[in-house]
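Trainee: Using UniProt numbering, read the sequence shown as starting at 1 and increasing by one per residue.
We put the beta carbon where it would ideally sit given N, CA and C, even for glycine.
Just passing along the structure, written as C-alpha cells.
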Amino acid sequence: MTSPEPELDTTATDAAGVDVESTVEGTVDPASGSEEATGANSAEVAELTAALQRERAQFANYKRRTEEEKQGRVAYGKQILIDKLLPVLDDLDRAREHGDLESGPLKGVADKLIATLDAEGLTKFGAPGDPFDPELHEAVQNDGSGTEPVIGAVYRGGYRLGDKVIRTAMVTVTDPAPAGQSQPQDTQSGAQ
C-alpha cells in the first residue's frame, strides 16, 4: 500500500526552456568538449582583458590631454594679463629713467609689481651693447656696417614669458666699439 512514486522527467527544462541536463552535463563531462569550452573562455578573457587595457589607455590619454589643455589655458590667461600690463611696465621704465622711482611709495609699488611678474616667469631683455638678434629685437635705426651689430639704444624693452617672446625690443643697431678705443675715450672725457 505504498503509493507509487511519480516518475521523474529526465529531460528537465528551466523557465527559459533551456535543456538543463544537457547544459549541466556539457560543463561537467570532460569527454564532451571541455577543452573547447576552456579555449572559448580563455579567448573571451583575453578579448575582455585587451578591451580593458584599451579603455585604461584611452582614459590615461584623456587625463593627460585635459591636464595639458588646462595648463595651456592657464598660460594663455597669464599671457593676456601680462600683455595688458606691458604699457604699465613701459611707464615704470620711463619713470625710473627720469628718477621718479628712486624713493617714495611709487618705488615700492613698482618693485612689488616687477617682483611678482618676475616670479611668474616674465623676463626683460634688450640692453645697450647686447648682440642684435632679429628674432628678439626690432631695429628702428641702423647706424652700423652690419658685420657684428649690437644694440645702441633701447626705445622699448622686450619681454619673454618663460621661453616664449611676447614682445620684441625696439632698438637702434650700431657697430660694436673696438675694445681698445672704448677705454681711452672714457678716460679722456672723464679727465676733461
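#1: In whole angstroms, what is the alpha-carbon distance linking T49 and N41?
#2: Pull up the distance between the alpha-carbon of E21 and that of E68, whole angstroms please.
#3: Can you find a C-beta in chain C that's less than 9 Å from the C-beta of K70?
#4: My understanding is that E138 touches K78, with C-beta atoms under 8 Å, so please give their C-beta distance in whole angstroms.
#5: So who's on the other strand from K70, going by DSSP bridges?
#6: Out of V171, L52 and R94, which has the shortest C-alpha to C-alpha gap to G152?
#7: Which term fits L122, buried or exposed, when burial requires 16 or more other beta carbons within 10 angstroms of its beta carbon?
#8: If you pair each beta-carbon of the segment 81 to 97 with each one of the segment 108 to 115, do three or more pairs fall below 8 Å?
Mentor: Taking the geometry as given:
#1: Numbered from its first residue, the sequence shown carries residue 49 at position 49. Numbered from its first residue, the sequence shown carries residue 41 at position 41. If I take the Cα positions, the gap works out to 12 Å.
#2: Within the sequence shown, residue 21 is the residue found at index 21, counting from 1. Within the sequence shown, residue 68 is the residue found at index 68, counting from 1. Model confidence at E21 stands at a pLDDT of 49, short of 50, so the residue's coordinates are unreliable and nothing is read from them.
#3: In summary, chain C is missing from the structure at hand, where a single protein chain is found.
#4: Against the sequence shown, residue 138 aligns to sequence position 138. Against the sequence shown, residue 78 aligns to sequence position 78. Actually they do not touch by this definition, with Cβ atoms about 23 Å apart.
#5: Position 70 of the sequence shown, counting from 1, holds the residue named residue 70. Note: K70 sits in no beta bridge, so no partner.
#6: Walking along the sequence shown from the start, residue 152 turns up at place 152. Closest by alpha carbon: V171.
#7: Here residue 122 refers to the residue found at position 122 of the sequence shown. Buried, because 16 or more other Cβ atoms sit within 10 Å of the Cβ of L122.
#8: yes
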